[in-house]
Amino acid sequence: MRKVIILGGGASGLTAAICLKRRGIDVTILEKNKQVGKKILVTGAGKCNYFNEDFTSTHFIATASECTSSFITEKNVKRTKAFLDSLGIIPKIKNGYYYPNSLKAVSIQNSLLTELRNLQVSILYDVTVQEIEKKEHFILKTTKGQFETQNLIVATGSKAYYHTEEPTFLLDSLKKLGHTIVPIYPGLVQLKAKGGYFKEWAGIRTEAKLSLFIQNRLKKEVVGELQLTNYGISGICTMLLSNHLVPKLQEEKIEIRINFLEPLQMKTVEEAREFLEKRNVTFPNRTISELLDTILDYKLTNVLLKRVGLSLDATFSSCTKEIIDKFLYSLVSFPLEIIGYNSFKEAQICLGGVDLREIDERTMESKKVKNLYMIGEMLDMNGDCGGYNLGFAWMSGILAGNGVLSD
Ligand SMILES: Cc1cc2nc3c(=O)[nH]c(=O)nc-3n(C[C@H](O)[C@H](O)[C@H](O)COP(=O)(O)OP(=O)(O)OC[C@H]3O[C@@H](n4cnc5c(N)ncnc54)[C@H](O)[C@@H]3O)c2cc1C
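Residue numbers (numbering that gives the first Met the number 0): 0 to 406.
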């Protein structure tokens, strides 16, 4: 029976459906929403950053980290680009980040819909799959009755970004079928920090370098946009670090140090001192805050001054060296103790999911259950910001779409 059912019409499920139908295989998508590809619309702030020029396994984390490079291969990257080209998508590439030339996420959704329509892929909307059972065939219990299939692709994504509903993503069923589920956490998510000054810096956006320390050991550094919020930090840099720390937060001490002077290429207290002392000579009548005008947002300068006990009218000559050093230290290495993170509904992805070791990297078939395939975000394969999560959704969809019924 050359027939496949796909659970979930998101980026990965739609890709798999297109690949299967192009091979002449009959496919039906069961989708709980009234439309497919809905999440694509909110990606990249509505512009859809759908791929990245630098698409390597170093941009992914997984509990089975040794497996990521067997999925993200040069060959698979080429196949993914060829698939996206075959949909007629014209990219606009900014610093390696791929967007549709229109800069509208809906164009990506439309490209997929056009191809699905042309191929006459069957899509059943408003069908929530509640449970998967395996007898001779797979039995799917849904809100619209029972379905049966010999070949099943699960592409149900994750609960990241769901606002009002709590659908079942079928991880429980997959666990019952023998799969290991790596615990789920919000990923690419904003971070809450300890401190009483956040209301004062809320709303500031700045370029900075963030260094992540776990148990006082430097784990990762990122440079880019940082948003300061009334609970802590957000922005691309924060989200990038969040994937590396969220699951560890309960047991380990997590600190992020911020270098606000990174855009001026200053890394140390000494460099910051030399720079500000020179400025102080050029502008002898200025306060410290005035010396930092045009370098930092004044609200941020105010927070940093207050934190070391200085006021806005403090000058270099009115302060002790010890206090100045403390202030300079907070400019280049502002310490933030991370104490939490926002919820799934604010997260861009879910960390965790089905363990990669249980998936055949050539076809996305389960190593535990024959004719069962899993793709996309439901797997424990967590990408950076920058088109990596959609990238993996397309890539795994292509592998399954060409892997099912290939022998
Ligand atoms: C705000 C935001 C911004 C993002 N920006 C980017 C970006 O710019 N670049 C990037 O690469 N990634 C981005 N992502 C992540 C990216 O959107 C996801 O990783 C990607 O969509 C995952 O694809 P998927 O096919 O695995 O799952 P999804 O796209 O989530 O699709 C899963 C589908 O399954 C359906 N479904 C779920 N459960 C059931 C069920 N029980 N029965 C029937 N149907 C079901 C869902 O309705 C959905 O249609 C962003 C995510 C968010 C939330």
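Beta carbons are placed, not taken as given, at the ideal position from N, Cα and C, and that holds for glycine.
query, result
"For LEU378 and VAL353, believed in contact at Cβ under 8 Å, the rounded distance", "5 Å"
"Cα-Cα separation, ILE323 to GLU360", "56 Å"
"Proximity of SER332 and ASN215 at Cβ, strictly below 8 Å", "no"
"Sequence-distant residues of the same chain with beta carbon closer than 7 Å to ILE213, five excluded per side", "LEU244, LYS247, GLU251, ILE253"
"C-beta atoms of THR167 and PHE197 nearer than 8 Å", "no"
"Whether GLY382 touches SER395 by CB criterion (8 Å)", "no"
"Nearest-angstrom Cβ-Cβ length linking ASN75 and LEU398, presumed shorter than 8 Å", "7 Å"
"Counted within 10 angstroms of its Cβ, other Cβ atoms place ALA44 as buried (16 or more) or exposed", "exposed"
"Within 8 Å, strictly: CB atoms of GLN189 and GLU336", "no"
"Opening and closing residue of the beta strand (DSSP E) in which CYS349 lies", "348-353"
"The region 108-115 / the region 79-98 touching (three or more Cβ pairs under 8 Å)", "yes"
"Residue of THR27, GLY95, LEU13, LYS31 minimising C-alpha distance to ASP53", "GLY95"
"Supposed contact pair GLU199 and ASN301 - C-beta distance, whole angstroms, cut 8 Å", "7 Å"
"Simplified DSSP state of LYS219, which is helix, strand or coil", "strand"
"Counterpart residues of ASN150 in DSSP-defined beta bridges", "VAL3"
"Which of helix, strand or coil DSSP assigns to PRO99", "strand"
"Minimum C-alpha distance to LYS33 - residue among THR127, GLN145, THR57, THR314", "THR127"
"heavy atom of ligand 1 below 7 Å from PHE168 C-beta", "yes"
"Closer than 7 Å: LYS344 CB and nearest ligand 1 heavy atom", "no"
"Pair within 8 Å by beta-carbon distance, ILE4 and PHE146", "yes"
"Candidates ALA16, ASN242, TYR49: closest to ILE348 by CA position", "ASN242"
"Buried or exposed by the 16-neighbour rule on C-beta atoms within 10 Å, applied to ALA15", "buried"
"Coarse secondary structure for PHE70, derived from DSSP in three states", "helix"
"Residue environment, GLY9, which counts as buried when at least 16 other CB atoms sit within 10 Å", "buried"
"Pair within 8 Å by beta-carbon distance, LYS174 and ILE183", "no"
"Residue nearest to THR55 in terms of C-alpha spacing, selected from THR62, LEU327, SER68", "SER68"
"Assigned secondary structure, PRO283 (DSSP; H/G/I helix, E/B strand, else coil)", "coil"
"The region 272-291 touching the region 307-320, judged by at least three CB pairs closer than 8 Å", "yes"
"Neighbour-count burial assignment, GLN108, 16 or more Cβ in a 10 Å radius", "buried"
"In chain order, each alpha helix (DSSP H) run of at least 4 residues that lies wholly inside the region 166-209", "170-175, 197-200"
"N-terminal and C-terminal residue of the alpha helix (DSSP H) that ASP416 is part of", "Since the first and last residues shown for the chain are 0 and 406, residue 416 lies out of range."
"Bounding residues of the alpha helix (DSSP H) (the contiguous stretch that carries ILE397)", "387-402"
"Proximity below 8 Å, CB of ILE152 to CB of LEU6", "yes"
"Straight-line Cα distance separating ASN370 from PHE70", "19 Å"
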